[in-house]
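What follows is one structure encoded as structure tokens, with my remarks underneath.
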Amino acid sequence: MTDQAIDRVEVEREAKPKGPLIYRQAILTRVTHWVWAIAMFFLLLSGLQIWNAHPALYIGAQSGFEFNNEILRIGAENTDAGPRGFTTVFGQKFDTTGVLGMSELRGNSNFVGFPGWATIPSFRDLATGRVVHFFFAWILVGALAIWLVSSLFNGHLWRDVILKPRDFRELPRDIWEHIRFRFHHRRTYSPLQKVAYFGVFFILFPLIILTGLAMSPTMNAGWPWLVEVFGGRQTARTIHFIVMVLLVLFFVVHIAMVVLAGPINELRSMITGYYRTSPGTEPDAPKKEKSK
Ligand code: HEM
2 MTDQAIDRVE VEREAKPKGP LIYRQAILTR VTHWVWAIAM FFLLLSGLQI WNAHPALYIG
62 AQSGFEFNNE ILRIGAENTD AGPRGFTTVF GQKFDTTGVL GMSELRGNSN FVGFPGWATI
122 PSFRDLATGR VVHFFFAWIL VGALAIWLVS SLFNGHLWRD VILKPRDFRE LPRDIWEHIR
182 FRFHHRRTYS PLQKVAYFGV FFILFPLIIL TGLAMSPTMN AGWPWLVEVF GGRQTARTIH
242 FIVMVLLVLF FVVHIAMVVL AGPINELRSM ITGYYRTSPG TEPDAPKKEK SK
């Protein structure tokens with residue numbers, strides 16, 4: 002780049018209008034967010050360790066040779082080409098050697114559902130996987146309870162998460178804006194963000210917690226109706242797995258959106274609380290607004 006070009010970029014950067022820096026995320030919103038982000042990491046990897054102990058999913062109350070209710074299986078088998086890993090979904094078999102069913106662990110072929118890099122611990126250890134999973138499950142529940150109570154009191158729930166009639170009206174336009182990667186930085190979340198976060202808080206998180214509890218023998222004794230609500234133990238396990246997949250998909254899109262919307266500004270808001278809004282945005286939290 003020539004000196005002139007560098008000067009032009011500098012001038013353009015200086016001239017680019019900036020909106021006000023506002024206080025957007027309360028301390029408990031930020032702390033609980035990072036607690037559940039860490040908890041979700043350990044829950045996912047320890048959950049896959051537990052799942053590897055029986056790498057198949059069924060619908061109904063029971064599973065076994067006398068039932069024909071399997072919907073997913075990951076395994077390994079001997080073929081003419083040697084041992085191969087496979088995944089069967091609704092009777093359709095796929096060769097997934099290298100990732101699912103058969104993968105490398107420290108230079109050796111490992112016959113296991115999910116590979117070692119995706120589980121905690123990386124080797125087969127159901128007992129440790131369960132200890133880690135149940136520990137972080139309660140951390141997640143605690144963080145969500147604190148989030149719910151604080152969000153009720155500080156207005157975050159009503160302002161940013163609950164969809165109002167206006168959000169539904171603006172949703173199609175907001176989806177179109179997101180498709181064109183046009184992000185508006187405002188005090189509150191956009192309608193599409195509200196849909197995503199509402200879905201996580203009030204559909205995915207409750208479902209994964211309740212189906213987890215439905216698989217617990219202690220809960221089966223205390224609340225036998227819970228497992229019935231989900232259509233039996235095996236269906237509860239299948240729902241738990243599907244919600245895990247949906248949360249992983251949410252996470253991928255969530256990170257992509259943070260990167261596309263401006264990672265420095267987005268991360269600053271989730272670390273310090275302060276957020277640079279688009280020019281022309283009304284700052285509606287004047288007490289904590291910064292002059293810069
Ligand atoms: C499994 C892990 C994660 C889950 C389930 C999750 C979920 C969420 C949810 C539900 C919100 C809305 C919070 C609220 O308004 O109270 C949120 C906001 C946010 N998250 Fe995450 N998150 C995860 C990981 C991450 C990571 C790793 C990053 C950083 C790279 C991140 C960056 C952010 C940011 C910047 C916001 C504010 C978004 C905005 O202003 O629109 N999240 N996240």
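Under the numbering used here, the residue at position 172 of the sequence shown is numbered 173, and the numbers go up by one with no gaps.
All C-beta atoms in this analysis are idealised placements derived from N, C-alpha and C, irrespective of residue type, glycine included.
DSSP places Q194 within a helical segment (H, G or I) once states are collapsed to three. Under DSSP, A57 takes part in a beta bridge, and its partners are R74. Rounded to whole angstroms, the gap between the alpha carbons of E105 and N111 is 6 Å. Inclusion of L227 and I147 in the CB contact set at 8 Å is not warranted, their separation being larger than that value. Here P84 is bridged, per DSSP, to N79. The beta carbon of S191 lies closer than 7 Å to those of D175 and H185 in the same chain, with the five residues before and after it left out. Taking C-beta atoms under 8 Å as the contact rule, M103 and P84 qualify, at a distance of about 6 Å. Restricted to the stretch 84-156, the alpha helix (DSSP H) segments that are unbroken, complete and at least 4 residues in length are 127-155, listed in chain order. Under the DSSP assignment, I23 falls in the beta strand (DSSP E) whose first and last residues are L22 to Y24. Going by beta carbons, A119 and L44 fall outside the 8 Å limit. Counting only the Cα atoms, G108 lies some 46 Å from K195.
For R277, the pairing in a beta bridge is given by DSSP as L22. Short of 7 Å from the beta carbon of L158, and not among the five residues preceding or following it, lie these beta carbons of its own chain, in chain order: S152. Between the alpha carbons of G143 and I210 lies a distance of about 12 Å. When distances are taken from the beta-carbon of W159 to the heavy atoms of the ligand HEM, even the shortest one reaches 7 Å or more. Inclusion of E267 and V259 in the CB contact set at 8 Å is warranted, their separation being smaller than that value. For D168, the enclosing alpha helix (DSSP H) covers residues P166 to I180.
With contacts defined as CB atoms closer than 8 Å, G114 and I75 qualify as a contacting pair.
Set against 7 Å, the gap from the CB of I163 to the closest heavy atom of the ligand HEM is not smaller. For the set P264, E171 and S270, the Cα lying nearest the Cα of A27 is the one of S270.
Going by DSSP, T239 is part of the alpha helix (DSSP H) stretching over R234 to A262. In the three-state reduction of the DSSP assignment, R31 falls in the helix class. The criterion of a C-beta distance shorter than 8 Å is satisfied by R234 and M216.
The C-beta distance from L46 to F242 rounds to 14 Å, too long to fall under 8 Å, and the pair is not in contact.
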